[in-house]
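Heads up, the thing below is written out as structure tokens.
Protein chains in written order, with our numbering: chain S, 14 to 241; chain C, 153 to 363.
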């Protein structure tokens with residue numbers, strides 16, 4: 014007897030053999046007691062399993078909406094509030110970006126006219142050091158002073174540059190320094206040209222974001238509560 | 153064995169269709185109908201009540217999520233496929249965290265949970281205890297089988313699926329089902345001979361040779 018026989022017997026018990034296979038196996042069974050014994054074994058195992066008591070589920074497995082990640086139906090105005098919040102947040106970000114980028118753009122335009130000053134302003138210490146070694150003596154003072162972060166130093170530096178630079182540079186250099194003086198008192202020392210987007214608009218946007226975001230949040234919470 | 157499982161819920165196709173359209177209440181009606189069968193299957197494959205409950209819950213969650221893939225045929229077999237997957241996931245998790253013993257610690261099953269199975273209320277305490285022990289013995293022998301064999305034998309002999317549905321539920325070819333089933337039955341019989349004194353008289357066919 015080989016495993017193929019055992020497989021045949023097992024299928025025979027389940028009525029899975031066709032007529033000719035069954036007939037052949039039955040003939041063998043009648044003459045082979047070993048085969049019969051194995052079939053009895055298989056049948057016994059099968060019956061034992063079939064008599065295993067059925068156990069009841071220990072609890073109900075019904076699903077809640079939360080379990081399957083279904084979202085509660087939200088009022089239509091919710092999406093309006095959410096959209097407005099996102100839009101206002103993007104706008105607020107844009108105002109900061111604009112205030113941050115605008116002065117650099119101005120510097121970039123001035124750079125060809127006064128390369129030493131422009132580069133010195135762009136990269137703090139590295140270029141300052143590099144240029145102080147290689148730049149012509151006339152430009153050296155401007156390069157060493159440009160990296161200074163404090164606006165007060167800038168205001169001092171502008172007069173020293175004026176004689177050595179072209180007329181254009183003088184004008185550009187003067188404008189930020191004048192503005193810096195103003196904005197310093199407003200607490201915005203990083204933005205030399207703080208006037209691109211007024212702070213009041215930014216504050217307004219921030220307040221709007223808070224209120225609109227909060228409304229959307231509360232709407233969702235109340236929808237969730239009703240849903241459950 | 154489970155009369156209620158043999159008969160599908162009266163409006164099963166309608167419930168399935170509603171569930172496919174996202175109706176959770178319709179799906180929950182199906183859950184209530186099949187939960188005993190699902191839990192039992194998981195219990196026999198995993199051999200542990202708590203793990204089986206977790207796997208059953210997981211199976212229903214994933215069944216709801218993928219019910220749109222059900223294309224007719226036996227819903228029971230389709231559901232049992234998600235149960236099989238959930239059990240395999242559970243076994244993989246156990247392998248990674250091998251602190252929980254899946255198999256009984258001792259041969260007499262003392263480490264196993266006390267069964268809360270549907271006992272015949274007319275049984276005497278002795279009969280109940282015996283049946284209890286027999287159930288433990290069978291579960292012990294099931295646990296000793298490789299999981300692929302165990303799954304096939306649970307589907308065919310405990311859930312009563314026919315070969316085609318077992319092949320569908322386990323996703324292996326029909327020929328493999330036949331050979332796994334034969335091997336599993338043979339091994340179970342050998343293992344159960346070790347508990348021959350627990351077996352009902354009709355099953356002690358060769359007790360002289362095995363005792």
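For every residue, glycine included, the Cβ atom is placed at its ideal position computed from N, Cα and C.
Helix, strand or coil at residue i according to DSSP, with G and I counted as helix
i                      : result
residue 199 of chain C : coil
residue 222 of chain C : coil
residue 28 of chain S  : coil
residue 330 of chain C : helix
residue 47 of chain S  : helix
residue 116 of chain S : helix
residue 15 of chain S  : coil
residue 64 of chain S  : coil
residue 69 of chain S  : coil
residue 217 of chain S : helix
residue 287 of chain S : Residue 287 of chain S falls outside the range modelled here, since chain S spans only 14 to 241, and no answer is possible.
residue 209 of chain S : coil
residue 154 of chain S : Because the pLDDT at residue 154 of chain S is just 46, under 50, the model does not fix this residue reliably, and the value given afterwards should be weighed accordingly. If DSSP states are grouped into helix, strand and coil, residue 154 of chain S belongs with the helices.
residue 78 of chain S  : coil
residue 84 of chain S  : coil
residue 254 of chain C : Because residue 254 of chain C carries a pLDDT of 47, less than 50, the predicted location of this residue cannot be relied on, and the following value inherits that uncertainty. In this structure, residue 254 of chain C counts as coil in the three-state DSSP scheme.
residue 347 of chain C : coil
residue 175 of chain C : coil
residue 311 of chain C : coil
residue 296 of chain C : coil
residue 259 of chain C : Any reading at residue 259 of chain C needs caution, since the residue's pLDDT is 45, under 50, leaving its predicted position unreliable; the model's value is listed next. Residue 259 of chain C falls in the coil class under three-state DSSP.
Partner residues on chain A for residue i, Cβ-Cβ distance less than 7 Å
i                      : result
residue 212 of chain C : Here chain A cannot be found, since the structure's protein chains are S and C.
Run of the alpha helix (DSSP H) containing residue i, from where it starts to where it stops
i                      : result
residue 164 of chain C : 164-172
residue 230 of chain C : 227-248
residue 316 of chain C : 315-322
residue 302 of chain C : 299-305
Cβ distance (whole Å) where residue i is taken to contact residue j below 8 Å
i                      : j                      : result
residue 222 of chain S : residue 101 of chain S : 5 Å
residue 208 of chain C : residue 187 of chain C : 7 Å
residue 55 of chain S  : residue 23 of chain S  : 5 Å
residue 19 of chain S  : residue 281 of chain C : At roughly 34 Å, the Cβ-Cβ gap does not stay under 8 Å, so residue 19 of chain S and residue 281 of chain C are not in contact.
residue 71 of chain S  : residue 205 of chain C : 6 Å
residue 338 of chain C : residue 293 of chain C : Not confirmed; about 12 Å, so no contact.
residue 229 of chain S : residue 74 of chain S  : Not quite, the Cβ-Cβ distance comes to about 34 Å (not below 8 Å), so this is no contact.
residue 62 of chain S  : residue 309 of chain C : 4 Å
residue 191 of chain C : residue 49 of chain S  : Contact doesn't hold; Cβ gap of about 38 Å is too wide.
* Within the chosen definition, does the stretch 96-116 of chain S reach the stretch 164-176 of chain C through at least 3 CB pairs nearer than 8 Å? -> Here the stretch 96-116 of chain S makes no contact with the stretch 164-176 of chain C; the two share fewer than three CB pairs at distances below 8 Å.
* Segment contact, 8 Å Cβ cut-off, at least three pairs: the stretch 297-317 of chain C with the stretch 75-89 of chain S -> The stretch 297-317 of chain C is not in contact with the stretch 75-89 of chain S.
* Asked: Is the stretch 230-243 of chain C touching the stretch 214-221 of chain C, taking contact as three or more C-beta pairs under 8 Å?
  -> Counting Cβ pairs under 8 Å, three or more are found: they touch.
* Asked: If you pair each beta-carbon of the stretch 31-42 of chain S with each one of the stretch 321-341 of chain C, do three or more pairs fall below 8 Å?
  -> With the cut-off at 8 Å, the stretch 31-42 of chain S and the stretch 321-341 of chain C do not touch.
* Taking contact to mean at least 3 C-beta pairs separated by less than 8 Å, is the stretch 283-297 of chain C in contact with the stretch 29-39 of chain S? -> Segments in contact, no.
* To do: Inspect the CB distances between the stretch 170-184 of chain C and the stretch 220-237 of chain S and report whether three or more fall short of 8 Å.
  => With a cut-off of 8 Å, the stretch 220-237 of chain S and the stretch 170-184 of chain C do not count as touching, because too few Cβ pairs lie within range.
* Asked: Do the stretch 209-227 of chain S and the stretch 190-203 of chain C make contact, defined as three or more Cβ pairs closer than 8 Å?
  -> No contact exists between the stretch 209-227 of chain S and the stretch 190-203 of chain C.
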